[in-house]
Every structure is written in C-alpha cells, then in structure tokens.
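Report on the following structure.
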Amino acid sequence: MITPQPPRGLYLHVPFCRSLCPYCDFVVVAGAAAFGPRSRIGGYLRAVEREIDLRAAAVDRSFGALGSALRTGDGTRAPLESLYLGGGTPSLLPEEALAALIARVRDRFGLANGAEVTLECNPGVDERGDARAAVQAGVTRFSIGVQSMNVDALRDLGRRHTPDDVSECVAAVRAAGATSVSIDLLADLPNVSLESWAASLSDAIALDPDHMSVYALTLATDGADAGDADDRLATPAGALAWRARAAAAQDEERGAEELELLDRRLPAAGFDWYEISNWAREGHTSRHNRLYWQRAAVEAVGPGAHAFDGVRRRWNSANLDAWEASLHAGELPPGGADEPLSEEGAAAELLVLSLRMSTGVVRDEAMRGGFGEALRWGESNGLLAPHPDDSTRIQLTLRGRLLSNELFSRIV
Ligand code: SF4
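If you're matching positions, the sequence shown starts at 0 in numbering that gives the first Met the number 0 and goes up one per residue.
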C-alpha cells in the first residue's frame, strides 16, 4: 500500500510580476499590487511566513520532528533536498525578505547540506533583483525566464526585457557565484520563422547556461473564470483576445521542426536531454523537478501552490485575498484536494512520469505492470525504442517526444 511521505522538496509561490504577459496562466498579480505604495508584498510575506510555520508543524505532527525516528516507517525524518521559489517573479522580493524566507524554511523544514535552492528570476533591469544578495541568502540555482532572444518576439509576448538584458542578467548571476544557471525558452511562437527561432536558440546557447528548458507555447483560451478548483485566476479579456490571435499564427509543423533542431543543436553544444522539455550539462539537472517526475512528496506554500504527499494532491486557493485572510487569522488557507489514486492509477501516473525522462523504464517490469498493450503500440509506431545505454530499458524516441500525449493517453 502507498502511504504518505514527508516532503523531500518545498515549492514556494511568489505571485508578483511587474506586468502581466497575455499568454500566462500562472497565479500572478501585477502592476500596483507588485510595486509602489499599494504593493501587497508586505502582507504576502507575513502570510507566507505563517503558512511555512503551519505546514511545517503539520508535517512534524504526521512524521515526527526533524532528525527523529519517522513515525510512518523506517529511518529518520530528513531535511529538504530542494527549495524552489517560483512565480510570478520571485526576484522582485526585497533582498532581506528573500533571505528571511529561506532562513525560515531552513529553520522549520531543514535544508540538507548541498540542497538545491532555486530562484526564478526575470532578466529585466527592474525585475532581476540583486543576484549577489540572493546567493548570500542561500540561492544556488537561478532559473531565468528568457523565453526568446528575438527582440520582436519578446515585445509580442509582452515581456519587459530585451536580449541585452538577458546577457547582463546571466553575467550578474554568474558573477554572484551561482552554482547552476538555467534558462527557459519558448517554442512554437506565433509569427516567428524557423530561421529566426534558430538564431534565437544560437544566441541562447552562446550565453553558456548549465541547463535549458524549452516548452512549446500553450495558449489556454477557456480562462474567462477561475474554475471550480479555485487554483487559478480568471484570464483578462484582453489576454484571451491576444491568445486567439496568437494561436492562429502558431504552426504545429514548424514547432516539430524546432524540436528536431533542438535535438541536434543542444547535444552538439554539450547538453543532454533528460526530460521531454529539459536539457542539462553534466551535474546540472533540476533536482526539484526530478522530485515531481519521480512522484516524490513535495510540500507547497503560497497562493495557488500545489503539494503532493505521495498519495494525495492538495492545493491552495489562488485568490490572494482569501489565502492571505486565513493565514492572518492563524489558519491554513482554503483550497482543495484530489481523491487519492488507486494503486493502478498511481502506477500509470508513475509510468508516464518515468517515460518523460530519458532514463525511461525497464521494459519487462513495465510490461508486467499491465501496460503491455500501450507500450507495444508505442514501440510499433516508433514512439518507444531500446535505451542506447541499457538494452533492458525503453525510452521515448524523438517522434515519441513529439507525440507523447498519444502514448500517455493510452496508459492513464
Ligand atoms: S513574467 Fe512570467 S509569471 Fe509573470 S506574467 Fe509573465 S509569464 Fe507570467
């Protein structure tokens, strides 16, 4: 039987951005809420500190205090392997506030020696924060929201930064002593030719990052309200109109050519693909994201944040007012939780997550797990093939990475 586990990582959501990008579906409040006299950052910080305390106390009650014998099994309660500050734009936090948050997590949940502490950071001059102060506070890894090195594409996406800002930002985090530098790029951008996209990729590689995440731009056009789950915010009408125009200018075939280009260019530049959308130099895979792909327990705090205890997914309300009001009253925020999956459902989910990664799965074990029909379909249609370094394993082919949803829908 699968039982709840103590968290190995913590996700901390910081919902503030200087301005709202029209394609964004993250839980974000922007403009006056994020800076100036009406900024809500102060109230957020008091609330999130409270949530760290309350969630840590709940974990202690369930599993035992840090370093003590685990109440739920063998071994001792271990400190976190990873802390991820995501958003939003966490680099907007005042430097002393960032340091206080990391210290609080270290104090309440523990951070293992050598734990990965990631800060998402935007490259704009008024968004990137002070990298040196962040490293002093304990940040080891910066994940920089580059998206494109094409100035027109950045403007079209509503981004505040330019390619020059990106170069300055990467130089600043390197000079600050970051252990690992990751950059995010978007593919399948509207009105960007394959040639322009290739030039942007070359400029991104020239920045010499340690890690690259490349996601196809997905444009949800059904977001006029927040939905029943309350874990996302309504999409403004102007953003919905932008998305409709942008979706019409996307090109699936061009997106596929971009992935093929990535698959040639990144290995040639020293990056290994290790997950459908992620490439890394040796020793620089994202430990935090690997926890999600291993279906490990990850705690989460902040509005709209999703947590998993190994059995059940739980989320906080995305509504900043509701989230904050509960915490200021000393209570855990409103939110929801999924019903736990059956053992078979959990095994299917783990198989899909494992297949996302280049390590793939041991073929015979996966076949015995009741997924033979779907896996044989994947093999006979060229989506799965033997792992080049271990013939007992199978992994997604390039075609499989392009068409993974067709395979995954046959598994879950
Ligand atoms: S900067 Fe990032 S998180 Fe903020 S609105 Fe734009 S895409 Fe969303």
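C-beta: ideal position from N, C-alpha, C; glycine also.
Straight across, the Cα-Cα distance linking N288 with G85 is about 12 Å.
Using a cutoff of 7 Å, the CB of L19 counts as near the ligand SF4, since one of the ligand's heavy atoms is closer than that. Runs of the alpha helix (DSSP H) lying entirely within the region 177 to 213 and spanning at least 4 residues, in chain order: 193 to 205. Bounds of the alpha helix (DSSP H) holding F407 are 403 to 410.
Judged by DSSP in its simplified three-state form, S325 adopts helix.
Exclusion of the five residues before and after G381 leaves T396, R398, G399 as the residues of its chain whose Cβ lies within less than 8 Å of its Cβ. The Cβ-Cβ distance between L9 and A299 falls below 8 Å. For V213, the distance from the CB to the nearest heavy atom of the ligand SF4 is not below 7 Å.
E119 is the residue among M148, Q146, E119 whose C-alpha sits nearest the C-alpha of V134.
For Q135, there is no enclosing beta strand (DSSP E); the residue is found in the alpha helix (DSSP H) stretching over 130 to 136. For R103 against I51, the beta-carbon gap comes to about 5 Å, under 8 Å, which counts as contact.
Bounds of any beta strand (DSSP E) do not take in I40; it lies within the alpha helix (DSSP H) bounded by 40 to 62. Taken through DSSP and simplified to helix, strand or coil, E274 comes out as strand.
Only residues of its own chain outside the window of five on either side were considered, and among them T117, E119, S181 have a CB closer than 6 Å to the CB of S142, listed in chain order. Look at C20 here: in three-state DSSP terms it is coil, with no helix or strand label.
Closer than 7 Å to some heavy atom of the ligand SF4: that does not describe the Cβ of N318.
Distance from the C-beta of F25 to the nearest heavy atom of the ligand SF4 is below 7 Å.
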